[in-house]
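According to our numbering, the sequence shown is numbered sequentially starting from 407.
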Amino acid sequence: MAVVPIIAGSIASIRSMKRPENAPKCKRTESPLEDSDDEDESESESLSTSDAYMFPVIGSGVLFSMYLVFRYLDKKYIDYLITTYFSVMGCAAVTKALLMLTRKLIPVSLLKNVSKYKVTLTKRGKKLSHINLSVIHGALLTTAIGLTAYYGITKNWIASNIFGLSFSVNAIQLLSLDSFKTGMILLSGLFFYDIFWVFYTPVMVTVAKSFDAPIKLLWPRDIIGYVLGTHEKVNFTMLGLGDIVIPGIFVALCLRFDRHMSWKRNPVGNFRSTDFEKPYFTACMVAYIAGLATTMGVMHFFNAAQPALLYLSPACILSALITAAVRGEIKDLFEYTTEETEEEKKEKERKKKDLVEEQEITIDEKRTTTVTESFEIESETIELEQIDGDDEEEEEAETTGRDKGSQPKKRRNKKK
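Below is the structure:
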């Protein structure tokens with residue numbers, strides 16, 4: 407069950423990859439289920455090396471604070487607060503997960519007649535954000551609200567697992583590691599974090615059992631007895647969402663690296679396609695399953711809680727390193743990054759500067775053209791006025807000439 411959100415979230419994370427310059431843009435889809443019209447618009451949040459170093463420290467602080475809260479405060483009121491918070495967040499997570507599932511299951515041809523609405527958030531005419539909505543979004547949201555109400559009333563473990571899986575899929579899709587170095591630092595730090603808080607203190611187990619929220623996946627220890635109803639009290643096996651999400655974002659990184667290497671070798675077709683060779687993803691996924699199976703086996707054998715990252719962290723790290731060593735791509739593995747290099751940043755700034763200069767030149771040309779046209783109009787007006795003035799002078803001269811010609815005639819008549 408833990409494998410499903412990792413595969414789904416990893417595939418969805420391909421959409422957040424930066425499109426290479428030699429990759430053509432995808433054709434705009436007519437599906438009303440697409441959240442964005444721009445394929446280059448990324449929603450993911452990247453974790454850097456400094457974030458990886460601080461993650462176990464911050465996690466330890468949060469974990470111990472929750473332990474103190476459950477130990478010294480009334481658990482009933484804490485449960486109310488937690489249920490309310492996770493119901494709201496879970497409703498959004500389930501809606502998004504159902505939307506991803508609907509995109510895969512329903513072909514675009516069946517959605518042509520579905521009306522699409524666009525809600526845009528602006529500030530002083532500047533576009534801040536937008537979202538596309540349809541009737542299907544409303545139906546999925548209604549389903550999520552119904553599931554939330556059912557979970558809030560019954561605390562059913564299946565409903566809890568649906569929320570947990572939805573949280574995991576969204577987290578793996580939205581969180582990304584910027585490099586394998588960051589991923590290895592994160593997994594190594596949490597390796598010691600998990601060992602300390604599970605083996606040397608009661609904190610982790612106490613919080614996991616006391617925290618009545620969908621932050622873990624539950625499964626009956628005796629599934630046959632549960633189905634047949636032979637047990638009055640059902641004991642559950644727990645797997646924290648952290649044991650899914652943390653290795654999951656590393657597996658997703660492996661899949662994105664596979665896409666990067668395949669495009670580097672053969673830059674043809676749709677960059678967002680999932681039809682490419684996946685050696686790192688496959689190796690890491692197999693290692694994760696083996697590590698998880700080892701965790702469950704040891705837990706049942708010793709009948710004691712086990713820190714899953716004790717087995718999962720080395721499995722994921724070693725799978726990537728061994729695969730890279732076999733393929734001769736160790737250098738490529740450690741050089742791969744989702745962040746912009748200094749050269750790319752400089753090139754981007756240069757292009758931006760050139761664009762601004764071109765816009766300024768265009769504006770100046772328009773102003774010059776406007777001034778020239780105004781000057782020509784004024785010149786024509788002055789010329790027109792001069793022509794009118796000359797015509798008036800000629801008329802006055804003719805009138806004066808006629809007057810002068812008529813006066814001598816009168817004088818001659820008088821002499822006669």
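In this text, a Cβ means the ideal position worked out from N, Cα and C, and glycines have one as well.
Note that the C-beta distance between ALA498 and ALA565 is not below 9 Å. Inclusion of LEU583 and LEU592 in the CB contact set at 9 Å is warranted, their separation being smaller than that value. The alpha-carbon of GLY631 is positioned some 26 Å away from that of LEU647. Annotated as distal: LYS587 and THR501, with beta-carbon spacing of 9 Å or more. Using a 10 angstroms sphere on the CB of SER585, the tally of other CB atoms reaches 16 or more, which defines it as buried.
Contact between ILE655 and ILE578 is confirmed by a C-beta separation of about 6 Å, below the 8 Å threshold. The region 657-667 makes contact with the region 414-422: 3 or more CB pairs, one atom from each, lie closer than 8 Å. According to DSSP, GLY646 shares a beta bridge with LYS622. Excluding the 5 residues flanking it on each side, PRO438 has same chain C-beta neighbours closer than 6 Å at LEU517, VAL520, LYS522 and SER540, in chain order. For THR636, the secondary structure class from DSSP, reduced to helix, strand or coil, is coil. According to DSSP, residue pairing for THR743 in a beta bridge involves SER585. Looking at the DSSP output, LEU453 shares a beta bridge with LEU583.
Per DSSP, the unbroken alpha helix (DSSP H) holding ILE551 starts and ends at 541-560. When the beta-carbon positions are compared, THR729 and ALA696 stay at least 9 Å from each other. Annotation: ALA545 to ASN567 spans about 21 Å, alpha carbon to alpha carbon. Between SER452 and GLU741, the gap from beta carbon to beta carbon reaches 9 Å or more. Under DSSP, LYS522 takes part in a beta bridge, and its partners are SER540.
Burial of PRO620 is indicated by the presence of at least 16 other C-beta atoms within 10 angstroms of its C-beta. Distance check between ALA458 and each of LYS622, LEU487 and PHE597 places PHE597 closest, using alpha-carbon atoms only. ASP485: member of the alpha helix (DSSP H) spanning 481-511, first to last residue. Taking GLU683 as the centre and dropping the five residues before and after it, the same chain places the C-beta of ASP664 and SER668 closer than 7 Å to its C-beta, in chain order. At the C-beta level, GLY531 and THR489 stay beyond 9 Å of one another. Between PHE605 and the set THR548, LEU715 and SER422, the nearest pair of CA atoms involves LEU715. The C-beta of SER419 has 16 or more other C-beta atoms within 10 Å across all chains shown, which makes the residue buried. In the structure shown, ASN672 adopts coil according to DSSP, grouped into three states.
Distance between TYR599 and SER466, taken at the CA atoms: about 8 Å. Rounded to whole angstroms, LEU645 and ASP485 show a C-alpha spacing of 20 Å. One alpha carbon belongs to GLY675, the other to ARG425, and they sit about 13 Å apart. Secondary structure of ASP600 (DSSP, three-state): helix. Setting aside the 5 residues that flank it on each side, SER574 is surrounded in the same chain by PRO411, LEU647, ILE650 and VAL651, each with a C-beta closer than 6 Å to its C-beta; the list follows chain order. Across the set PHE708, VAL633, PRO653 and LEU624, the C-alpha of LEU624 shows the shortest separation from the C-alpha of PHE642. Assignment of PRO438 by DSSP, reduced to helix, strand and coil, places it in the coil class. Residue state for TYR606 is assigned as coil, using DSSP reduced to three classes. With respect to the 9 Å criterion, MET423 and PHE677 are classified as neighbours on the basis of their beta carbons.
Per DSSP, reduced to three states, the secondary structure at ARG425 is coil, with no helix or strand assignment. The Cβ atoms of ASN576 and ALA503 lie closer than 9 Å to each other.
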